[in-house]
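Asker: Please read through the structure below; I'll follow up with questions.
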Amino acid sequence: MKDTYRRRAFVSSVVILTLVACLSFSSGPARAQKTFRLRVGIIPITEMLTIYVAADKGYFAQEGLEVEMIPMAGGAVILPALVGGSIDIAYSNIVSIILAKAEGMPLKIIMHNKSEDSTKAPDAPGGYKGGSAIMVRANSDIRSAKDIEGRKFAVNTLYGINWLFAQEWMRIEGADPAKAKWLEIPFQNMAVALETGQVDAVTAADPTLTVLKTTGKGKILNYYFSTVKANVIVASFVATDKWIKEQPGVMQKFVRAMSRAIDYANTHENEWPTILAKHLKIELDLLKKMEGGHRFEAKVNMENLDWYVNVLVKRGLLKKRIDPNSLVSAVGGGS
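Note that this note's numbering numbers the sequence shown so that position 41 is 1414, with each residue one more than the last.
If you want it as structure tokens, here you go:
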């Protein structure tokens, strides 16, 4: 009889322990995912659509990332902030990345983002449309690159990508870029600078391009990126070598979230205006008039990267060639 009681007690104990274990693993609260905080330097223009998508659609949150987006003027400003440690990831144009690397800044591209979507349009200035254009006042007497000689020409940052392409465009059109008066003005201030006569021409990117065009305060002189090199890569996300080595898992999380955002953006163009209106604080109706010009892709086009290096060497901005492969991390791999 005692053995029977012992067996029953043993079985009961096993059942209870099993139930406790099941409750612990199935009905108890899930272990909270560790959250990683990232500070990302961005430029407040429409090509930041993808990072806005990653935030709004919960892609960052699903990877356990809390991303703070810090607006800055451009790569020439963002990259020193990256190396200085005030941000973890920087969004920068390709020219600034190459020049920074050549100057010894320890950084690499972790993924690409924006390339120019050059749409052939015979009736458009230069025969192309795109997301970047050289614009002048609606009543300006400037009709060609030659007319910009001696005039005030604004770019977001000197020695950045817009500055380089504007100079290359002037050369293609038979003008001398050295004769223009180059000024540095943030994208978001260009419309006012042009309207008030502080400058005579600007390298406008959306939303400035659309604002000037649709309000009738500016006119497009040329879609200069497409004229210089159609469908060229424009800007990527970069991090320091130290951060890449110390935080490979966090980097992978960021790349995964952004890759999902790129895929979403490329297949939901109808949502672009609403997303951008929310983050850029611009009227929705105005953003609906954007012409496009953006092609989002995660991988770096290595042929394009090599082209940039060659142009910078040719123009004396690079003393010697650097290996394009040294600019890209294994995660950001080229194509």
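Every residue, glycine too, gets a C-beta built ideally from N, C-alpha and C. Here the structure is a predicted model, which means the values were calculated and not measured.
Put lysine 1618 into one of helix, strand or coil per three-state DSSP.
Answerer: If DSSP states are grouped into helix, strand and coil, lysine 1618 belongs with the helices.
Asker: Can you list, in chain order, the residues of its chain whose CB lies under 7 Å from that of valine 1701, leaving out five sequence neighbours each side?
Answerer: Closer than 7 Å at Cβ, skipping near neighbours: Lys1481, Ile1482, Val1673 and Gly1707.
Asker: Could you check which residue in Asp1573, Ser1491 and Leu1649 has the C-alpha nearest to that of leucine 1556?
Answerer: Among Asp1573, Ser1491 and Leu1649, the Cα nearest to that of leucine 1556 is on Asp1573.
Asker: Helix, strand or coil for lysine 1554 per DSSP?
Answerer: It is a strand residue.
Asker: If you check the beta carbons only, do arginine 1510 and leucine 1438 fall under 8 Å apart?
Answerer: It is not a contact, given that the beta carbons lie outside the stated cut-off.
Asker: Helix, strand or coil for isoleucine 1460, going by three-state DSSP, please let me know.
Answerer: Isoleucine 1460: coil per DSSP, three-state reduction.
Asker: Pull up the CB-CB distance for threonine 1600 and tyrosine 1501, whole angstroms please, since I reckon it's below 8 Å.
Answerer: Going by Cβ atoms, the distance from threonine 1600 to tyrosine 1501 rounds to 6 Å, so yes, they are a contact pair.
Asker: What did DSSP end up calling asparagine 1466 once you bin it into helix, strand or coil?
Answerer: Of the three classes helix, strand and coil, the one that applies to asparagine 1466 here is strand, per DSSP.
Asker: DSSP on arginine 1516, reduced to helix/strand/coil?
Answerer: Three-state DSSP puts arginine 1516 in coil, outside helix and strand.
Asker: Rounded to whole angstroms, what's the CA-CA distance from tryptophan 1713 to aspartate 1461? Just pull it up for me.
Answerer: It is not possible to answer for residue 1713, since the shown part of the chain is limited to 1374 through 1708.
Asker: Which residues does DSSP list as the beta-bridge partners of arginine 1510?
Answerer: Its beta-bridge partners are Gly1591.
Asker: Report the partner residues of threonine 1408 according to the DSSP bridge assignment.
Answerer: Answer is none; threonine 1408 lacks a bridge partner.
Asker: Going by the CB atoms, is the gap between lysine 1519 and alanine 1548 shorter than 8 Å?
Answerer: Taking 8 Å as the Cβ cut-off, alanine 1548 and lysine 1519 qualify as a contacting pair.
Asker: Give the straight-line distance between the Cα atoms of tyrosine 1432 and isoleucine 1515, rounded to the nearest whole angstrom.
Answerer: C-alpha separation (whole angstroms): 46 Å.
Asker: I'd like to know whether the C-beta atoms of valine 1682 and isoleucine 1471 end up nearer to each other than 8 Å.
Answerer: Result yes, Cβ atoms of valine 1682 and isoleucine 1471 sit closer than 8 Å.
Asker: Which residues in the same chain as alanine 1494 place their Cβ atom closer than 8 Å to its Cβ, once the five residues preceding and following it in sequence are excluded?
Answerer: Gly1500, Tyr1501 and Lys1502, listed in sequence order.
Asker: Indicate whether the contact test is met: 3 or more Cβ pairs, each with one atom in the region 1435-1452 and one in the region 1653-1663, closer than 8 Å.
Answerer: Short answer: they don't touch.
Asker: How is methionine 1442 classed by DSSP in three states: helix, strand or coil?
Answerer: Strand, per DSSP.
Asker: Distance, Cα to Cα, isoleucine 1443 vs glycine 1457?
Answerer: Their backbone Cα atoms lie some 15 Å apart in a straight line.
Asker: Indicate whether proline 1498 and leucine 1653 have their beta-carbon atoms separated by less than 8 Å.
Answerer: No, these two residues do not count as a Cβ contact at 8 Å.
Asker: According to DSSP, simplified to helix, strand and coil, what is arginine 1718?
Answerer: Outside the displayed range of the chain (1374 to 1708) lies residue 1718, so it cannot be described from this structure.
Asker: Which residue comes first and which comes last in the alpha helix (DSSP H) that contains leucine 1659?
Answerer: That run of the alpha helix (DSSP H) goes 1657-1660.
Asker: The alpha helix (DSSP H) spanning glutamate 1644 covers which residue range?
Answerer: It is not in any alpha helix (DSSP H) - glutamate 1644 carries neither H nor E in the DSSP assignment.
Asker: Can you give me the C-alpha to C-alpha distance between lysine 1626 and aspartate 1636, rounded to a whole angstrom?
Answerer: Rounded to the nearest angstrom, the two C-alpha atoms are 16 Å apart.
Asker: Would you decide whether asparagine 1512 is buried or exposed? Buried here means 16 or more other CB atoms lie within 10 Å of its CB.
Answerer: Exposed, since its Cβ has fewer than 16 Cβ neighbours within 10 Å.
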